[in-house]
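Asker: Below you will find the structure I want to go over with you.
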Amino acid sequence: MDWGMKNRLSRIIKPKDGRTVMLAVDHGYFMGPTSGLEHLDGMVNPLLPYTDTLMLTRGALRNYISPTVDVPIVLRVSGGTSIIGPKLLHEGTVVSIEDAIRLNASGVAYSILVGAEFERDTILGMTQYIDEAERYGIPVLAVTAVGKEMKRDARYMSLASRIAAELGAHIVKTYYIPGFEKVIESCPVPVVIAGGKKQPEDEALQMAYDAIHAGAIGVDMGRNIFQSSNPVNMIKAVNAIVHKNATPKEAFEVFKGTKK
Ligand code: R5P
204 MDWGMKNRLS
214 RIIKPKDGRT
224 VMLAVDHGYF
234 MGPTSGLEHL
244 DGMVNPLLPY
254 TDTLMLTRGA
264 LRNYISPTVD
274 VPIVLRVSGG
284 TSIIGPKLLH
294 EGTVVSIEDA
304 IRLNASGVAY
314 SILVGAEFER
324 DTILGMTQYI
334 DEAERYGIPV
344 LAVTAVGKEM
354 KRDARYMSLA
364 SRIAAELGAH
374 IVKTYYIPGF
384 EKVIESCPVP
394 VVIAGGKKQP
404 EDEALQMAYD
414 AIHAGAIGVD
424 MGRNIFQSSN
434 PVNMIKAVNA
444 IVHKNATPKE
454 AFEVFKGTKK
């Protein structure tokens, strides 16, 4: 692995503990003005002091985030479908590698849909992007998207995560499920979890804790932070779990503001 690739990876995954709190606010690429992100800058700016890496689209980056901000970017580079369209998750490349470089991305994110009708298109889209990104030393985060008809279990998540890693992804993002250790054991690259739909804060914190203790190196969490009743305290609480080994109970106190 060359110096540039290693350097970008160490911007995304903090070398002090090998972990990361990635804030995912890329939802607009297929969900439009997602609840909580209507004014993306107003939501994100107060969260940045507790964010290791910001994951978003190029349009959100250019329109809502100041270029003077000191936060590594993981740029979403797959898309092309919407929640109201007939072919959700049949994604392709939506950003060139040149534009990712122009935006000074530390990494790029590409979704694959293993086991669904369009798996081949999405997987080949990702591998082509990996070839281009490797040329410039840019890590690719594979997002293992899950179709509605697919079972969210350890067997499926292990399969999708391992395929992504075997095909060259440098980081895998997947969903937390019971038996998550199986996903970690069989995936040779770092794994982060998505947050998924909004849950009560104590349950989301428990999930983050369980994922980290099963071996995930961090979270790439969105709705459970920006749709929380207190997004700043929620990201502080997630940060305490990821970087300070806080228990779910301690982290919930951070969320409630009763513990620093
Ligand atoms: C989905 O493919 C998007 O990349 C989201 O960023 C991702 O699902 C993480 O967000 P959330 O924690 O809201 O699930």
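Residues 204 to 463 (our numbering) make up the sequence shown, in order.
Every residue gets a Cβ at the ideal spot worked out from N, C-alpha and C, and that includes glycine.
(1) Here's the rule I'm using: 16 or more other beta-carbon atoms within 10 Å means buried, otherwise exposed. How should Val272 be labelled?
(2) Could you tell me the boundaries of the beta strand (DSSP E) in which Thr377 lies?
(3) Can you tell me which of Ile366, Asp334, Ser285 and Thr284 puts its alpha carbon nearest to the alpha carbon of Val317?
(4) So, are the CB atoms of Val277 and Asp255 less than 8 Å apart?
(5) Which residue comes first and which comes last in the alpha helix (DSSP H) that contains Leu408?
(6) Looking at Ala368: is its Cβ nearer than 8 Å to the Cβ of Val395?
(7) Are there 16 or more other CB atoms within 10 angstroms of the CB of Glu404, so buried, or fewer, so exposed?
(8) Give the single residue among Glu352, Gly382 and Val375 whose Cα lies nearest to the Cα of Arg358.
(9) Within the present structure, is the beta-carbon of Arg323 separated from the nearest heavy atom of the ligand R5P by less than 7 Å?
(10) Taking Cβ positions, are His373 and Val343 nearer each other than 8 Å?
(11) Under the assumption that Ser389 contacts Ala348 (Cβ atoms under 8 Å), give the Cβ distance between them as a whole number of angstroms.
(12) Can you tell which of Lys462, Tyr379, Lys219 and Lys385 has its C-alpha closest to the C-alpha of Met424?
(13) Since Arg279 is in the beta strand (DSSP E), which residue starts that stretch and which ends it?
(14) Along the beta strand (DSSP E) that carries Val395, what are the first and last residues, could you check?
(15) Taking the runs of the alpha helix (DSSP H) that are 4 residues or longer, which of them lie wholly in the segment 247–324?
(16) Within 10 angstroms of its Cβ, does Met437 collect 16 or more other Cβ (buried), or is it exposed?
(17) Who are the Cβ neighbours of Tyr253 in its own chain at under 6 Å, not counting the five residues just before and after it?
(18) Helix, strand or coil: how does DSSP classify Val346 here?
(19) Does at least one heavy atom of the ligand R5P sit under 7 Å from the Cβ of Met258?
(20) Is Ser309 closer than 8 Å to Arg426 when the C-beta atoms are compared?
(21) Can you tell me which of Lys459, Ile215, Gly221 and Asn266 puts its alpha carbon nearest to the alpha carbon of Leu240?
(22) Any heavy atom of the ligand R5P within a distance shorter than 7 Å of the CB on Val346?
(23) Can you tell me where the alpha helix (DSSP H) holding Val386 begins and where it ends?
(24) With Gly207 as the anchor, note down where its alpha helix (DSSP H) starts and where it stops.
(25) Let me know if His242 comes out buried or exposed under the rule of 16 or more other beta-carbons within 10 Å of its beta-carbon.
(26) What is the DSSP secondary structure of Arg222, counted as helix, strand or coil?
Answerer: Straight from the coordinates:
(1) exposed
(2) Ile374 to Tyr378
(3) Ile366
(4) no
(5) Glu404 to Ala417
(6) no
(7) buried
(8) Gly382
(9) no
(10) yes
(11) With 8 Å as the limit, Ser389 and Ala348 do not qualify as a contact, their Cβ atoms being about 19 Å apart.
(12) Tyr379
(13) Ile276 to Arg279
(14) Val394 to Ala397
(15) 261–267 and 300–305
(16) buried
(17) Ile438, Lys439 and Asn442
(18) strand
(19) yes
(20) no
(21) Asn266
(22) yes
(23) Phe383 to Glu388
(24) Trp206 to Ile215
(25) exposed
(26) strand
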